[in-house]
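Participant:
In this note's numbering, the protein residues as written are 751 to 1107.
1) What residue from 903, 864 and 913 has the CA that sits closest to residue 891's CA?
2) Return helix, strand or coil for residue 908, following the three-state DSSP convention.
3) Could you tell me which residues DSSP puts in a beta bridge with residue 976?
4) Starting from residue 929, follow its DSSP beta bridges and name the residues at the other end.
5) Three-state secondary structure (DSSP) at residue 970?
6) Which value, in whole angstroms, describes the spacing of the CA atoms of residue 809 and residue 875?
7) Kindly identify the DSSP beta-bridge partner or partners of residue 864.
8) Quick check: the Cα distance between residue 1004 and residue 921, rounded to an integer number of angstroms?
9) Flag this pair as touching only if the region 972-990 and the region 999-1014 have three or more C-beta atom pairs under 8 Å; answer yes or no.
10) Grab me the residues of residue 819's own chain with a C-beta within less than 7 Å of its C-beta, minus the 5 sequence neighbours each way, in chain order.
11) Helix, strand or coil for residue 1093? Go by DSSP, reduced to three states.
12) Less than 7 Å between the beta carbons of residue 917 and residue 994, yes or no?
13) Can you name, in chain order, every residue of its own chain whose Cβ lies under 7 Å from the Cβ of residue 854, other than the five neighbours on each side?
14) What number of angstroms, rounded off, separates the C-alpha of residue 1073 from the C-alpha of residue 1029?
15) Buried or exposed: which applies to residue 1103, given that a residue is buried once 16 or more other Cβ atoms fall within 10 Å of its Cβ?
16) Who pairs with residue 899 in a beta bridge, going by DSSP?
17) Measure the CB-CB distance between residue 931 and residue 827 and report whether it falls below 7 Å.
18) Mapping the DSSP letters down to three states, classify residue 1098 as helix, strand or coil.
19) Secondary structure at residue 826, three-state DSSP: helix, strand or coil?
20) Would you tell me roughly how many angstroms separate the C-alpha atoms of residue 1020 and residue 928, rounded to the nearest one?
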């Protein structure tokens, strides 16, 4: 007789607690909605209680529309190329710092470099080209990315929307695509205080008088001076880009959410800032890297930046406690992002339940 497969209770407990945490967040987003545990979660609880039992975790129906596209994994070989769609203040800097270390350090398989001069792959252009024809800097970025990606280097990120990644030639079936989401209220708060820290010019007139003054933050989200409300939806909908070759016109606002969900479901690895360890484990699997290696590197990065900068994550910004009424004002102005984030949570949970089978 064949040897029975030994089940690991700890692995299933991790999945259970991840799913329960996600359900609690979804329940918070859907105020007043009572949610039942999906069949898969109940199955996992039963399996964790009986680690020697048979069966699998794939039963039950899935209402989530998941069009996930990933490169084919070849045993013994790491993924060949990576593209990170970087939505500001969703832990993207932390991720690309890790990815740069995880990919080969030399040769075509390395992470693309930024800098001024011919020895670098791409110019250091970090602003978003959001509408109209690209200026000289963004045009240079576009041309350098098309020229370098997969020819000189194999991993890159950009503060551009999904249409830009299509325009530079990212093939979802050959390149591992990644994006990160964060609770919209937390993302806006983080972006505001980061902009204060770097003295961003667009915050003139929206600065606080003291640490307990939040009127500038509320006016910033109400006035929306740089069109930053619902930014995650805009990026994932392909609704925030210049006239790149081959890209369609910017979609009307009433199509943003549907398009954002459609494009998010194509992404191979969705990272949730609030569930970073689980996200990194799934990234490791998709890239054919050892999860211990990825988690160890993440811990080293966090420890380094905690010691060097007295911060808990790469590029994080200290901020005060934000009262409820301010958070409600942010949520009120970011309803599309709230709905996209809920959809992202559901996708993440759906994939988490199936990722170890």
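No residue lacks a Cβ here, since even glycine has one placed at the ideal position from N, Cα and C.
Just so you know, these numbers come straight off a predicted model, no measurement behind them.
Facilitator: According to the structure shown:
1) 864
2) strand
3) Its beta-bridge partners do not exist; DSSP assigns none.
4) 835 and 1020
5) helix
6) The predicted model places residue 809 with a pLDDT of 33, which falls under 50 and marks its position as unreliable, so this point remains unresolved.
7) 872
8) In a straight line, the C-alpha of residue 1004 is about 27 Å away from that of residue 921.
9) yes
10) 922, 923, 1016 and 1018
11) helix
12) yes
13) 860
14) 29 Å
15) buried
16) 903
17) no
18) helix
19) coil
20) 6 Å
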